[in-house]
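Notes to accompany the following structure.
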Amino acid sequence: MDSNKSFNEKCYSLLMQIPRGKVVTYADIAHQLGGKAYQAVGNAMASNPTPIVVPCHRVVNSNGAIGKFALGTAKKIALLKEEGILINEDKDHAKIVNLNKQRHTF
DNA sequence: ATGTTGACATGTA
DNA sequence: GTACATGCCAACA
Numbered sequence: 378m379d380s381n382k383s384f385n386e387k388c389y390s391l392l393m394q395i396p397r398g399k400v401v402t403y404a405d406i407a408h409q410l411g412g413k414a415y416q417a418v419g420n421a422m423a424s425n426p427t428p429i430v431v432p433c434h435r436v437v438n439s440n441g442a443i444g445k446f447a448l449g450t451a452k453k454i455a456l457l458k459e460e461g462i463l464i465n466e467d468k469d470h471a472k473i474v475n476l477n478k479q480r481h482t483f
C-alpha cells in the first residue's frame, strides 16, 4: 500500500523542522523514520525535487563530515557557512565544528 | 585508519 | 514480479 507520504516526503518533513543554524545526521533522520535507512534518506535527498525549499544541505554525516551534495559539496559548505554553521575548513577536509553542539534534536 | 558488512529506497533488466 | 546494481551512509572488525 502506498503510504500517505512517501519515504521522501517524510524525510522532507523532518528536514523542514530543522531551524537555520542547526544540522542533523542521516542516522538521526533514519532513526526518526523508525529504521536504519541512512542511504535511503540520502537517496531521497538526491531526488530532492525542491532544493533550498527543503534544506537538504543541513544534513551531514554522523562523523561530522559534510558528505556529498547534489549541487556540489562546495555549495553545501557555502550554504552551511551562510546559515551560520561553523565548519572547519581544512584544505578539502571540511567538517562540522562541534557537531554534537550544532546538532538539532527532533 | 582501512575494509567489510548491514539496512533501505529507487531504477533498470 | 523477481533479481541485481547504485546511492548525499553507518557500524563494526
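In terms of the working numbering, the first sequence opens at residue 378 and continues consecutively. C-beta atoms are modelled at their ideal positions from N, C-alpha and C, and glycine is treated no differently. Source: prediction; values computed, not measured.
Quick one: what does DSSP say residue 385 is sitting in, helix, strand or coil? Translated into positions along the first sequence, residue 385 becomes position 8. Three-state DSSP puts residue 385 in a helix.
Using a Cβ distance threshold of 8 Å, determine whether the stretch 396-404 contacts the stretch 413-431, with at least three qualifying pairs required. Because the criterion of three Cβ pairs below 8 Å is met, the stretch 396-404 and the stretch 413-431 touch.
Counting only runs that start and end within the stretch 382-451, where is the beta strand (DSSP E) found for 3 or more residues in a row? You should have found no qualifying run.
Beta-carbon proximity of residue 461 to residue 397, cut-off 8 Å: On the first sequence, position 84 is the one that residue 461 refers to. On the first sequence, position 20 is the one that residue 397 refers to. Annotated as proximal: residue 461 and residue 397, with beta-carbon spacing under 8 Å.
So, do the stretch 442-460 and the stretch 408-415 have three or more beta carbon pairs nearer to each other than 8 Å? They do not touch, by the three-pair rule.
How far does the alpha helix (DSSP H) with residue 477 in it extend, from its first residue to its last? The sequence position of residue 477 within the first sequence is 100, counting from 1. Membership of residue 477 in the alpha helix (DSSP H) is indicated by the continuous run 476-479.
Best match in 438, 445, 439 and 412 for proximity to residue 423 [C-alpha to C-alpha]: As a position in the first sequence, residue 423 is number 46, starting the count at 1. Ranked by how close their Cα comes to the Cα of residue 423, the residues 438, 445, 439 and 412 have 445 in first place.
Residue nearest to residue 457 in terms of C-alpha spacing, selected from 430, 436 and 388: The residue labelled residue 457 in the question sits at position 80 within the first sequence. Here the closest residue by C-alpha is 436.
For residue 395, tell me which candidate among 474, 429 and 413 has the shortest Cα-Cα distance. As a working note, residue 395 is residue 18 in the first sequence. When C-alpha distances from residue 395 are compared across 474, 429 and 413, the shortest belongs to 429.
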